[in-house]
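Asks: If you count the sequence shown from 1, you need to add 958 to reach our numbering.
Using N, Cα and C, we set each Cβ at its ideal position, and we do this for glycine too.
A single structure is presented below for examination.
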Amino acid sequence: FLVIYTINNDGLALTVNLLPDNKNNTVNITAIILNNSNNTPSLMHGNGSGKTDYYRNNIPATMGYYNLSCPFEWYKFSCAAIQDNQFDEQVTAASLKYYHQHRAEIWVAFESVLNTAQTHNPPPPQQPKHIFLTGDSLLRQVFISIACHAFSLNAVERSEIQWRKKSPCPGGHTKCAITGGPQSGFDAASVRFTNGMELHYVPHQGIANGDWSNAEPHVLQRLMRQVTNSGQIDFGTKTAFPPSGPMDVLVYNLGAHENTTKSREMLTSFALDIATPLMKSEQGPKIVYVTTPTAHFNTTDGQWQDGGMDDKEKQCVDRISRNPRAELEKQIIEAGVNVDVLIDYDDLELGALHVHKGDCLHYCMPGAADLVGARLLMSF
């Protein structure tokens, strides 16, 4: 079972998990607590008989979201919610440390862009209002980050999330508390802030499971047809709620599902048939490309190997020498040439921050995706 509650101690919000230990039926407690002697936040874990301090410094006293405190979070990506053992807790501590190291940049972005939403003042005239994000689950993590920080600032006016009725956890999870419904997994999602800015995420190649009548299987092909026929693009018909105006920004990420040949083909088509013509048009949206994050599988290039991998290869390594997917993307996509902005994860040394449990591609959250989300928001 999972119980979440909040303790207020001189303004410090603490999230505590109560998780049964499968081996001895004791209750493990993990919390960020405040050391009263020196006001140093720490990550603590124990079962009532004692406690272990896995990481004693630089845990932020406040977070934009944590441990399913945000209604847009995915259970299987939440650092704290999926904790099952001491190693998982060390991953959580490493992710929180990374967040805290970049907290100033993260919050400057969210507060500067969303502050007008919080105060209900109109946004600056030059601020775009209708943003379309399309890609795979990696870009979806960036959407989650932006939406969750907005939620923490009380800046969400409306949201629609297409939660899946069934969303099983990956095989590496020894326990899986949420397998469908809210916080399990979603396909399309839309959020409107109180300043009028809207973010609409749609998977670029359909959906993982569920009702395909709600899916758009080939977003890029539709965008290419629109550019060819009219020179303009729109959101399509599969956003979670209808956009209130024309597209101001297109954000794209190819993701990690295709082989090198197919990836090159899709990237080239995006650059030549969609992005470049729109860049030349005075009425086209701003174009932003987000690189695919580095995979840190224990393989020669860090990538998942088709045909299956053994348990050792599925273990995440802390560092990798190169990200072949991002390298290919940056060979074809160039800021100022065929996109307005290119945002790079720059994450070769962040292997310790992944979900693990056989997933060395998605980052547990909060963590690496939040810095990219902040930089994306600033690029608007």
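Measure the C-alpha to C-alpha separation of Met1336 and Phe1068 and round it to an integer number of angstroms.
Replies: Cα-Cα distance, rounded: 8 Å.
Asks: Along the alpha helix (DSSP H) that carries Ser1188, what are the first and last residues, could you check?
Replies: Counting along the chain, the alpha helix (DSSP H) containing Ser1188 begins and ends at Val1177 to Ser1188.
Asks: Could you tell me which residues DSSP puts in a beta bridge with Phe1144?
Replies: According to DSSP, which records beta bridges pairwise, Phe1144 is partnered with Trp1121.
Asks: Does the separation of the CB atoms of Tyr1210 and Leu1091 fall below 9 Å?
Replies: Taking 9 Å as the Cβ cut-off, Tyr1210 and Leu1091 qualify as a contacting pair.
Asks: Excluding the 5 residues flanking Lys1272 on each side, which residues of the same chain have their C-beta closer than 6 Å to its C-beta?
Replies: The residues are Gly1316.
Asks: Is the separation between the beta-carbon of Ala1147 and that of Tyr1159 shorter than 9 Å?
Replies: Cβ atoms of Ala1147 and Tyr1159: closer than 9 Å.
Asks: Are the beta-carbon atoms of Phe1151 and Val1114 separated by less than 9 Å?
Replies: Result yes, Cβ atoms of Phe1151 and Val1114 sit closer than 9 Å.
Asks: Would the beta-carbon of Cys1322 fall within 9 Å of that of Ser1125?
Replies: Not a contact, by the Cβ cut-off of 9 Å.
Asks: Is it right to say Asn1281 is buried, meaning 16 or more other beta carbons lie within 10 angstroms of its own, or is it exposed?
Replies: Answer is buried; the Cβ neighbour count reaches 16.
Asks: Following the continuous beta strand (DSSP E) through Asp1317, name the residue where it begins and the one where it ends.
Replies: Where Asp1317 is concerned, the enclosing beta strand (DSSP E) stretches over Asp1317 to Tyr1321.
Asks: Are at least three pairs of beta-carbons, each pair with one atom in the stretch 1183 to 1197 and one in the stretch 1209 to 1226, less than 8 Å apart?
Replies: Taking 8 Å as the limit for Cβ pairs, the verdict is that the stretch 1209 to 1226 does not touch the stretch 1183 to 1197.
Asks: Measure the C-alpha to C-alpha separation of Gly1154 and Lys1288 and round it to an integer number of angstroms.
Replies: Going from the Cα of Gly1154 to the Cα of Lys1288 covers about 33 Å.
Asks: Return the bridge partner residues of Thr1092 from the DSSP annotation.
Replies: In DSSP, Thr1092 forms a bridge with Val1160 and Tyr1210.
Asks: Taking the alpha carbon of Thr1218 as the point to measure from, which residue in Ile1245, Asp1264 and Ile1136 has its own alpha carbon closest?
Replies: Taking only the C-alpha atoms, the option nearest Thr1218 is Asp1264.
Asks: Just the Cα atoms here: how many angstroms apart are Thr1234 and Asp1302?
Replies: Going from the Cα of Thr1234 to the Cα of Asp1302 covers about 20 Å.
Asks: Buried or exposed: Ser1142, going by 16 or more other Cβ atoms within 10 Å of its Cβ?
Replies: Ser1142 is buried by the Cβ-count criterion.
Asks: What residue does the beta strand (DSSP E) around Lys1244 start on, and which one ends it?
Replies: Residues Lys1244 to Val1248.
Asks: Which class does Phe1255 belong to by DSSP, given the choice of helix, strand or coil?
Replies: Three-state result, Phe1255: coil.
Asks: For His1088, which residues in the same chain have their Cβ closer than 6 Å to its Cβ, ignoring the five residues on either side in sequence?
Replies: Same-chain partners within the cutoff: Glu1156, Pro1201, Gly1203, Met1205 and Asp1206.
Asks: From which residue to which residue does the beta strand (DSSP E) around His903 run?
Replies: This structure does not reach residue 903, given that the chain is present from 959 up to 1338, and the question cannot be answered.
Asks: Based on DSSP bridge pairs, tell me the residues matched to Arg1150.
Replies: Beta-bridge pairing links Arg1150 to Arg1116 and Glu1156.
Asks: Going by DSSP, what residues sit across from Val1299 in a beta bridge?
Replies: DSSP, once it has assigned bridges, lists Val1246 as partnering Val1299.
Asks: Counting C-beta neighbours from all protein chains within 10 Å, is the total for His1176 16 or more, i.e. buried, or is it exposed?
Replies: His1176 comes out exposed.
Asks: For Ser1070, does the three-state DSSP call read helix, strand or coil?
Replies: Note: Ser1070 maps to helix in three-state DSSP.
Asks: For Met1336, report the span of its alpha helix (DSSP H) as first-last.
Replies: Its alpha helix (DSSP H) spans residues Ala1326 to Ser1337.
Asks: Are the CB atoms of Leu1212 and Asn1296 within a distance shorter than 9 Å?
Replies: No, they are not a contact pair.
Asks: Consult DSSP for Ser1202 and reduce its assignment to one of helix, strand or coil.
Replies: Three-state DSSP puts Ser1202 in coil, outside helix and strand.
Asks: Under three-state DSSP, which class holds Ala1293?
Replies: If DSSP states are grouped into helix, strand and coil, Ala1293 belongs with the strands.
Asks: Span of the alpha helix (DSSP H) holding Ser1227?
Replies: Taken as a continuous stretch (DSSP letters only), the alpha helix (DSSP H) holding Ser1227 covers Thr1218 to Ser1227.
Asks: Could you tell me the distance, in whole angstroms, from the CA atom of Ile1102 to the CA atom of Asn1025?
Replies: Between Ile1102 and Asn1025, the C-alpha separation is close to 13 Å.
Asks: If we call anything under 9 Å between Cβ atoms a contact, is Tyr1033 one with Cys1134?
Replies: Yes, the pair counts as a contact, with Cβ atoms nearer than the cut-off.
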